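Okay, so here's the structure we're looking at.
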Amino acid sequence: MFPILLQGHINPMLQLADVLHERGLAITVLHTHFNVLNPALRPEFQFVVVPDGVPSDVAASGSFIDIIDTMNAAMEAGIRRPSAASSSWCSGTRGSPRSLA
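Everything in the sequence shown is counted per the numbering used here, starting at 18 for the first residue and increasing by one.
See below:
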């Protein structure tokens, strides 16, 4: 799970993560230094800091659109293609992922 850097988005994302975890899923939360989360509040989750790729001059500009555009470009460069297990689930060749119902 990767929350957008606004507090109003982080809280609902963590609430969803709580529900998914209660149903047996392992949760990894990616976050930037900009929106540092306290891992002690949810010790059952794994928290991973990823670089946001936002230069200090862009961050200092206060332009939310420029910050998001810069972060999106930086994140796209670091995203991997799904693993073989994920790809096979998506293509329907390996059974079904765990039901959340």
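C-beta atoms are modelled at their ideal positions from N, C-alpha and C, and glycine is treated no differently.
As the structure is a computational prediction, the values presented were derived from the model and not from experiment.
Discussion item. Check whether the segment 53–67 and the segment 76–86 are in contact - that is, three or more C-beta pairs closer than 8 Å.
Written reply: no
Worksheet item: If you draw a straight line from the C-alpha of residue 27 to the C-alpha of residue 54, how long is it?
Response: As a position in the sequence shown, residue 27 is number 10, starting the count at 1. As a position in the sequence shown, residue 54 is number 37, starting the count at 1. In a straight line, the C-alpha of residue 27 is about 9 Å away from that of residue 54.
Discussion item. Residues in the same chain with beta-carbon distance under 6 Å from residue 136, minus the five sequence neighbours each way, listed in chain order, please.
Written reply: Examination of residue 136 is not possible in this model, given that the chain is present from 18 through 118 alone.
Worksheet item: What is the DSSP secondary structure of residue 50, counted as helix, strand or coil?
Response: Here residue 50 refers to the residue found at position 33 when the sequence shown is read from its first residue. Of the three classes helix, strand and coil, the one that applies to residue 50 here is coil, per DSSP.
Fill in: residue 104 burial status per 10 Å Cβ neighbour count (16 or more: buried)
By 1-based counting over the sequence shown, the position of residue 104 is 87. Note that residue 104 scores 48 on pLDDT, short of 50, meaning its location in the model is unreliable; the coordinates nonetheless yield the value given after this. Result: exposed.
Practice prompt. Could you spell out the range, first to last residue, of the alpha helix (DSSP H) harbouring residue 75?
Written response: Taking the sequence shown and counting its residues from 1, the one referred to as residue 75 is at position 58. Looking at the DSSP string, the run of the alpha helix (DSSP H) that includes residue 75 is 73–78.
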